[in-house]
Every structure is written in C-alpha cells, then in structure tokens.
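Chemist:
In the working numbering, the protein residues as written are 193 to 531.
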C-alpha cells in the first residue's frame, strides 16, 4: 500500500507479522528494539531503502506516517536491506496485532481453515530430533480439515529455510523460487555450453598439434618413446589451459566494472566469492580440460611409427583423425540444439 509522510506518498509492499519475526530471522535491525518493534498495534518496521524514499536524510525512527490514507502508524524500527537472493521481498512490516482493529470484518475469513493463500508460518525448531514428531502433528492437523468445505484437501509439510529457494516447489510460495526442476535445467544448459567450449578447444588443439608432425617424427628418430610424446603434449596443453584460466580471471575483473556501470543492480548479483574450494575447483577443472585437449593428439602421434609421421604431411594426417571429426559433429549438434 501507500505510505504517506507529509505530502509525499510512496507505494510499498510488505507483510503483517507478529513480534517474533525479528527474533526468528537474522535480518539486522539498524534502529529500534527487535524485541518490541512489532509488538504494539500500529507499529511499522521499514527497510533502509524504504525509509530513505519516505524520509530522505531525516531520522525515520519514531516518525508517524499515514498508511493507505487510513490510519497513522509509528515507525518503530529500520531494517537493513534484504539480501539479493532472499526468498522474501518486502519494504515494510506491520504488527499483525493491528489487523483485527482496522479490519474486524475480515478476521473470520483470514482465520478460516481453507484460507491458506495469504499466510506463511515459520517455526524455529532447535532440536532436529523433534522434526518427525512435529510433522506427525501436522498430519493430524491436516486430517481435521473442515468437511463442509468442498474440493479442498490440504497437506502440511515442513521445509527447511535453506531449501526454499532451491528446493522442491510448494504451494503458495511467499516469493519467487528457482525450484529443483529449473535448477536441473540450468545445470544441463551450463554443462552443454561448457562441453561445447571444451570440444572446440580440444578440436583446435588437435589441429594445432597436427602441424607439428615433423617435430614429433624427429623426436622419435633421436630416441623419444611413446611416453615422452604423450607427456610433452599433455603437459603443454595443461600449461596452456592454466594460463587461459588466469587470462579469463583477469578479463572478468576488467569487464565487470563496465557491466555494473550499465546496471548498478548487477553489483548484487556479480559477486565473486573467492574461497579456497573455488580456487581448487577451477584449477582442477583447467587441468582436466588441458589433459583432455592434449591426450588425443598425443595418443594419435604416439601410436604412429616414425616413417609414417615423417612421410605424411600434416594435411593427410589431419584427414585421418576420426576423433576430430566426431568432435566437430558433436559441437554442431549442440549448437543446433541451443538455437
């Protein structure tokens, strides 16, 4: 609804909630007492951005505003802006003790058994051993649904807070969620794109390596064995892959500010959380890609005898590589699928 202060009216979205909200959740309260901010009727808690829109640089705490041109409410708390990836999206919280006062005719309907579309319940269960018993009680409660309400069947289930955004989708979500199905779709698309890039890199690596047929032949003449050829090609490919990883990281740091300057909100999304696990994962991935790109030409040259390598031109060798042809076909197939 609209929150009005003086002549300024700002449209905001929010929820009715009880005073336990600020103790159950860890959203930091920048001003006000979390234990009492939502306890009394006609009390409001605003997010930092909402308070700035309404009051500018003035102190918001303790100010009185008009909500929906109806009743006056007192600002009893200022909440730090919500995290970008929070499943909750709101600008304002109002004490639910106000609701029966301003909407006495709607209380019965809001508390009706079949009205499950405007309420969300969060419970804090510190002991995980109690979860099973709690779920059993929910099942018993579901079994007591009002038989006079037709075409209504309600099942109540617990869902961990950290599973809401990326977990199984449930009815009447409080906000937009990704869900497991969409997550798997995105994962599949990412794998397809990465595989296409990997195959392209492998194909280019094979093409580059075939131009070194004379070098391999000479190395074999002077005594290089199969293992030496394989080690040379794979080592070079891995080093090149690691250097590419470093170049990609530097390019990301250079390009990132330009994207953010176009849309400042991207600053909240393009967050690079560099952890030891992330670094190790990228290094292992780069080594794997380098190995795959180097092992195919290495095995191809290693199995050829010296005379064949020196006699045939790189163009003739190029046409014999079945793996390269397969990679090209697979890459075109992936491209057509994405298009």
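Beta carbons are placed, not taken as given, at the ideal position from N, Cα and C, and that holds for glycine.
Just so we're clear, the structure is a prediction, and the values are computed from it rather than from any experiment.
1. Using the beta-carbon count (16 or more within 10 Å), is residue 265 buried or exposed?
2. Hey, how far is the Cα of residue 323 from the Cα of residue 438?
3. Would you tell me roughly how many angstroms separate the C-alpha atoms of residue 488 and residue 421, rounded to the nearest one?
4. Rounding to the nearest angstrom, what Cα-Cα distance links residue 149 and residue 434 in this structure?
5. How big is the Cα-Cα spacing for residue 507 and residue 473?
6. Excluding the 5 residues preceding and the 5 following residue 327 in the sequence, name in chain order all residues of the same chain whose CB lies nearer than 8 Å to its CB.
7. Assuming residue 259 is part of the beta strand (DSSP E), what are its boundary residues?
8. Taking only three categories from DSSP, how would you classify residue 276?
9. Relative to the C-alpha of residue 245, which candidate in 198, 290, 215 and 276 has its C-alpha closest?
10. Leaving out the 5 sequence neighbours to the left and right, which residues in its chain are closer than 8 Å to residue 228 when beta-carbon positions are compared?
11. As a quick exercise: from 494, 426 and 525, pick the residue whose alpha carbon is nearest that of residue 479.
12. Just checking my contact of residue 388 with residue 288 at CB under 8 Å: how many whole Å lie between their CB atoms?
13. Quick one: grab the DSSP three-state call for residue 223.
14. Between residue 194 and residue 238, is the Cβ-Cβ spacing less than 8 Å?
15. Return the bridge partner residues of residue 193 from the DSSP annotation.
16. For residue 379, count neighbouring C-beta atoms within 10 Å of its own C-beta (all shown protein chains included) and say buried if the count is 16 or more, exposed if not.
17. Please go through the same chain and pick out, in chain order, the residues whose beta-carbon is closer than 7 Å to the beta-carbon of residue 206, but skip the five residues on each side of it.
18. By how many angstroms is the C-alpha of residue 345 removed from the C-alpha of residue 311?
19. Can you tell which of 365, 492 and 222 has its C-alpha closest to the C-alpha of residue 309?
20. Comparing C-alpha positions only, which one of 202, 243 and 357 sits nearest to residue 280?
Modeler: Let me lay it out:
1. buried
2. 47 Å
3. 11 Å
4. Here the chain comprises residues numbered 193 to 531, so residue 149 is not present and cannot be evaluated.
5. With a pLDDT of 49 at residue 507, under the threshold of 50, the modelled position of that residue is not reliable, and the figure given next carries that caveat. Approximately 38 Å, taken between the alpha carbons.
6. 349 and 350
7. 256-259
8. coil
9. 198
10. 211 and 268
11. 426
12. The Cβ separation is near 52 Å, so there is no contact.
13. strand
14. no
15. Bridge partners of residue 193: none, in fact.
16. exposed
17. 282, 283, 284, 285 and 286
18. 17 Å
19. 365
20. 357
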